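Heads up, the thing below is written out as structure tokens.
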Amino acid sequence: MKFIDLNKFSSFRKLFLTFFVLMLYFIPLEAGQGIALNDSSYYENEGVNILVFSNWYNENFSDSKMSGIEIIHHGKRTVTNGDVRLNHTPEQWDPIPKFKRKEVDRENNVVKAWLEYPDFEYLILTEPSGDDIIISVHLDKPIPDELEGKAGFNLEFLPSAYFGKTFLMDGQPGIFPLYPSGPTSVGDAGKTVPLPVAKGNKIVLAPEDDYRRITVESDNELLFFDGRNKAQNGWFVLRSLIPAGEIGKVIEWKLSVSRVSGWLRDPVISFSQVGYHPSQSKRAVIELDKNDRFLPDAELLKIDENGKRSLIHSGPVNQWGNYQRYQYGIFDFTIVQEPGVYVVKYGDEESRPLRIGKDVYEGIWHPTLDVYIPVQMDHVLVNEAYRVWHGASHLDDALQAPVNHEHFDLYAQGPTTDTPYDPGEHIPGLNVGGWYDAGDYDIRTQSQYFTVLHLVHAWEDFDIFRDETLVEQENRYVDLHHPDGKNDILQQIEHGAIGLIAQHRAVGHAIPGIIVPSLLQYTHLGDGLTMTDNLIYNPALDSLEVDYPYSGTFDDRWAFTSKSTALNYGSAAGLAAASRALKDFNPELSQECLETAIGVWNTEQGKDPDIFEVGNTTGGPLILEELRAAVELLISTRGDKYARRIREMWPEISQQFGFLASTLLPALPYMDDAFVAEVEQRARQYAREIKIFERMNPFGVPITEGGWAGNGSVIGFGITNYMLHRSFPDIFDREYVFRSLNYIFGCHPDSDISFVSGVGLHSKKVAYGMNRADFSFIAGGIVPGVLILDPDFPENKEDWPFLWGENEYVITVGGSYIYLANAVQALLE
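Residue 747 in our numbering sits at position 734 of the sequence shown, with consecutive numbering throughout.
What follows is the structure, encoded as structure tokens:
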């Protein structure tokens, strides 16, 4: 504080100023107005955000750990699911309530949310008390007798945020275990029932950590559980049971969340973790806390072989503005082209090392083709050196799914089987080919043909040859890092085509997919071989009886077989494309694929479409799938009828140009000049339209919002822009292609991590694959990325793999990533 000379003032003024100066010393620096609702309708205080039903349970997948009352604590979301639940430690598919409505009273800082279960309704009310929040549950009617001891208010705490920390329950100390170890008991039907780790009326979590300390006090008994005893994706759960027979305010908690005075989130300096080619534009995006202030400049330092840093370039940090809850600035160092290792220095913050060099993109797609995609191969054993990723699983595929059945994971069967088979009857021939769709083990047909299409176009457009994998279809054996003299990408196309053609052989049309019948199998973590006994189910046998190749064990996957014209077109597109790639590699399969695709086209064109739509398993929009089939058949056959149909579809294609362009553009060499001219005119308009993304966010790409993060859309955006640049280079700048890959490799909100495991200096090491329980990764897998939680929180957790919307690998993105990675290399060669 600057020294004040009191002798310059009158006596009255001296007295007043003395009092004022003393007050400056005695008023606590952290004093404020307490926690209050902000303009985004959540409670905010320094370093603390408390959201009240800003997000809702996933409609398709139930509990996705993003709902109810949530806490963002010093920049990290550590608490979720503050709500009334019917289980001590709810699993994903356990009952969830229905959200009715929410009222936000900003004047009084009160939020009310009304919810209901089939048997009762309730109100959750939150209001501040100084820096604390009072949470209360209100009932108009008592809970039903059957829910006594079951219904209670829960609050869930992220395990990884509290590993290595302690807690106090009524003053008694405990620790958060790294690995679950009970206590549990056995309940109805032999199911595990978690028991409280501790109970009392006041709990303090992480008392030693100012950044994570949370205190809850209540006259209602507090029960503290470790949800991981029931499921690996469980959280620590604090719970109070709703008392039987009571109405009105039945539960009240006082929630105190610690805050560090003056806390600001550390700046994030994001850029491509792979690096930059000398000729590329090069930008680092600097992400700041909304209360921070930008420094005017940043520096690029080069690191020599002795570790010495030398200033190479300094320049302004151009403030872009606000996106979601953060503010952003751009540091451009495009001028630097000399190869080497560099760091960006912003104030006291120094970025991770970044590379500039002509070879930075070499091999960036190899882990995806060499490891991730082979690991996802179904119906074969996949070996890697001393490790077996999984055995030859699901050789008992598949039983006909029951009719009028709505399944989990977006599968359903209509009123008929649409096959010659009765419900429960084995459909032979489906136990070949295909890839596990994602971190689970279903064969989703949409994923199969989407992946085949991208692999085929990558092979055609970039003349890919790589031989690092042994594939023996006849022996159901795959060995990684083992050349066999065959092109790996063709072997993968063949594996996908085998799975697609098997459906047409078996039932005469494409089917939505194949998936296990029970949630107990669906939540399986480990070797897919252990999900079934690989023997065909025969209900005439006893449960453990075996009469090879049959058994009495009901563990076979179900085939969902309802007809869908959109799905059939999509499958035909994949088969038509595969026929070109396999023409010399597997001529017999190639011919069958093409003949089948032509047959599907003729059948579907000659009748009204079969409209069966369920989730994302029955094909995309009809316009997309029919266009796919027409384009691939045109390329494969040069048939005039396919070109005519594309021409007829053009008005609708033009209306959805951004969505359909990448599907259409491969057909341009086979269309007449007049049509190409129309497409060019529409492309010029689209080039103006996509500039909106530069105004929407500082990364210049479409960042989707919803329950699944948008890396797939970002990659698709890059592919579309590459195809447009290739067709109309005077209209589309190649930088629009680079932006997408830069985003995937680390230039995105929230962090600087590469979303491709094993690619880039700093990449995803904890992801939601079949190996998620091991907190590990599969090289070459690409996660969904930054998930935008309402109203303004970008998130991608690296310490907790079980949030599938952020961290689940899917096969489709693997195929499209291989295409985009090769496209960028082609642009730079």
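Idealized CB from N, CA, C, for every residue including glycine. Since we're looking at a predicted model, the values are computed, not measured.
Leaving out the 5 sequence neighbours to the left and right, which residues in its chain are closer than 7 Å to VAL373 when beta-carbon positions are compared?
The count along the sequence shown starts at 1 and reaches residue 373 at position 360. The residues are VAL287, GLY288, TYR289 and HIS290.
Own chain partners of LYS303 with C-beta closer than 8 Å, once the 5 adjacent residues on each side are dropped
Locating residue 303 in the sequence shown gives position 290, where the first residue counts as 1. Excluding sequence neighbours, LYS303 sits near ASN335, ARG338, TYR339 and GLN340.
Secondary structure of LYS778, DSSP reduced to three states:
On the sequence shown, position 765 is the one that residue 778 refers to. In this structure, LYS778 counts as coil in the three-state DSSP scheme.
Can you grab the Cα-Cα spacing for the pair LYS262 / THR93, in whole Å?
Working through the sequence shown from its first residue, we reach residue 262 at position 249. Working through the sequence shown from its first residue, we reach residue 93 at position 80. Going by the C-alpha atoms only, they are around 22 Å apart.
Let me check understanding here. Comparing Cα to Cα, which of PRO155, ALA211, SER564 and HIS775 lies closest to LEU367?
Mapped onto the sequence shown, residue 367 falls at position 354. When only C-alpha atoms are compared, the closest one is HIS775.
Less than 8 Å separating the beta-carbons of ALA451 and CYS606?
Working through the sequence shown from its first residue, we reach residue 451 at position 438. Working through the sequence shown from its first residue, we reach residue 606 at position 593. Not a contact, by the Cβ cut-off of 8 Å.
Hey, how far is the Cα of SER194 from the Cα of ASN242?
Here the question's residue 194 lines up with position 181 in the sequence shown. Here the question's residue 242 lines up with position 229 in the sequence shown. Near 7 Å, if we compare the C-alpha coordinates of ASN242 and SER194.
Please state whether DSSP places ASP105 in a helix, a strand or coil.
For this step, residue 105 is matched to residue 92 along the sequence shown. It is Gln, not Asp, that sits at residue 105 in the sequence shown. Here GLN105 sits in coil by DSSP.
Tell me whether the beta-carbon of TRP571 lies closer than 8 Å to the beta-carbon of LEU412.
As a first step, residue 571 must be located in the sequence shown, where it is residue number 558. As a first step, residue 412 must be located in the sequence shown, where it is residue number 399. Going by C-beta atoms, TRP571 is nearer than 8 Å to LEU412.
Using a Cβ distance threshold of 8 Å, determine whether the stretch 264 to 275 contacts the stretch 225 to 238, with at least three qualifying pairs required.
yes
Which listed residue (ARG114, SER577 and LEU251) has its alpha carbon closest to that of HIS101
Taking the sequence shown and counting its residues from 1, one reaches residue 101 at position 88. That would be LEU251, whose Cα lies nearest to the Cα of HIS101.
Note down, one range per segment and in chain order, each beta strand (DSSP E) of at least 3 residues found wholly within the stretch 517 to 579.
Here the runs fully enclosed are 526 to 528 and 571 to 573.
Which of the three DSSP states, helix, strand or coil, is assigned to MET185?
Here residue 185 refers to the residue found at position 172 of the sequence shown. Checking the sequence, you will find Gln at residue 185 rather than Met. Strand.
What would DSSP say about GLU639, mapped onto helix, strand or coil?
On the sequence shown, residue 639 is found 626 positions in, with the first residue counted as 1. The answer is helix: DSSP assigns GLU639 an H, G or I state.
Label LYS371 either buried or exposed according to how many other C-beta atoms from any shown protein chain fall within 10 Å of its C-beta, with 16 as the threshold for buried.
If you number the sequence shown from 1, residue 371 lands on position 358. Per the 10 Å Cβ criterion, exposed.
Can you tell which of GLU748, PHE180, HIS87 and TRP276 has its C-alpha closest to the C-alpha of PHE238?
One-based indexing of the sequence shown puts residue 238 at position 225. If we check each option's Cα against that of PHE238, PHE180 comes out closest.
So, at 8 Å on beta carbons, what are the nonlocal neighbours of ILE391 in its own chain, with the 5 sequence-adjacent residues on each side left out?
Residue numbering aside, residue 391 sits at position 378 when the sequence shown is read from its first letter. As written in the sequence, residue 391 is Asp, which differs from the Ile given in the question. Cβ within range, chain order: SER406, HIS407, GLY446, GLY447, TRP448, TYR449, TYR454, ILE456, GLY512 and GLY541.
Is the stretch 618 to 625 touching the stretch 559 to 569 in the sense that three or more CB pairs, one from each, lie closer than 8 Å?
no
Could you tell me whether the stretch 490 to 506 touches the stretch 664 to 679, where touching means 3 or more Cβ pairs closer than 8 Å?
no
Among LEU673, GLY723, VAL465 and TRP402, whose alpha-carbon lies nearest the alpha-carbon of ASN784?
Along the sequence shown, one-based indexing puts residue 784 at 771. The option with the nearest alpha carbon to ASN784 is TRP402.
GLU821 by DSSP, collapsed to three states: which one?
The sequence position of residue 821 within the sequence shown is 808, counting from 1. DSSP places GLU821 in strand when its eight states are reduced to three.
Under 8 Å, do ILE63 and TYR55 count as touching if we go by C-beta distance?
Taking the first residue of the sequence shown as position 1, residue 63 is located at position 50. Taking the first residue of the sequence shown as position 1, residue 55 is located at position 42. Closer than 8 Å, so yes.
What residue ranges within the stretch 733 to 793 form continuous alpha helix (DSSP H) runs of no fewer than 4 residues, ordered along the chain?
748 to 757
Report yes or no: do three or more beta-carbon pairs, one from the stretch 795 to 807 and one from the stretch 758 to 776, lie closer than 8 Å?
yes
If you draw a straight line from the alpha carbon of TYR130 to that of ILE109, how long is it in whole angstroms?
As a working note, residue 130 is residue 117 in the sequence shown. As a working note, residue 109 is residue 96 in the sequence shown. Roughly 8 Å separates the two Cα atoms.
Where ARG907 sits in the DSSP three-state scheme
Shown here, the chain extends from 14 to 842; a query on residue 907 therefore has no answer.
Separation of PHE344 from VAL779, as counted between CA atoms:
Your numbering for residue 779 matches position 766 in the sequence shown. Your numbering for residue 344 matches position 331 in the sequence shown. The straight-line gap from Cα to Cα measures roughly 30 Å.
Same chain, Cβ closer than 8 Å to PHE29, neighbours up to 5 away in sequence not counted
Numbered from its first residue, the sequence shown carries residue 29 at position 16. In this predicted model, PHE29 has a pLDDT of only 40, less than 50, meaning its place in the structure is not dependable; the value taken from the coordinates is given anyway. So the list is empty, once near-sequence residues are dropped.
Please list the terminal residues of the continuous beta strand (DSSP E) segment that includes ASP145.
Walking along the sequence shown from the start, residue 145 turns up at place 132. First-last of the beta strand (DSSP E) with ASP145: 145 to 152.
Three-state secondary structure (DSSP) at ASN335?
The residue given as residue 335 occupies position 322 in the sequence shown. DSSP places ASN335 in strand when its eight states are reduced to three.
Given a cut-off of 8 Å, decide if ILE744 and ALA674 are closer than it, judged by their beta-carbon atoms.
Sequence index remark: in the sequence shown, residue 674 carries index 661 (1-based). Sequence index remark: in the sequence shown, residue 744 carries index 731 (1-based). No, the Cβ-Cβ distance between ALA674 and ILE744 is not below 8 Å.
Taking the alpha-carbon positions, what's the MET684 to GLY759 distance?
By 1-based counting over the sequence shown, the position of residue 684 is 671. By 1-based counting over the sequence shown, the position of residue 759 is 746. Each residue's Cα considered, the two are about 39 Å apart.
Can you find at least 3 beta carbon pairs, one from the stretch 481 to 490 and one from the stretch 419 to 437, that sit closer than 8 Å?
no
Nearest candidate by alpha-carbon position, reference THR717, set GLY213, LEU800 and LEU640:
Within the sequence shown, the letter at position 704 stands for residue 717. Taking only the C-alpha atoms, the option nearest THR717 is LEU800.
For VAL210, which residues does DSSP report across the bridge?
What you label residue 210 is simply residue 197 of the sequence shown in a count that begins at 1. The partner list for VAL210 (beta bridge, DSSP) is empty, contrary to what the question assumes.
Of all the options LEU218, ASP52, GLU473 and ILE148, which has the alpha carbon lying nearest to the alpha carbon of GLY177?
Taking the first residue of the sequence shown as position 1, residue 177 is located at position 164. Ranking LEU218, ASP52, GLU473 and ILE148 by Cα distance to GLY177 puts LEU218 first.
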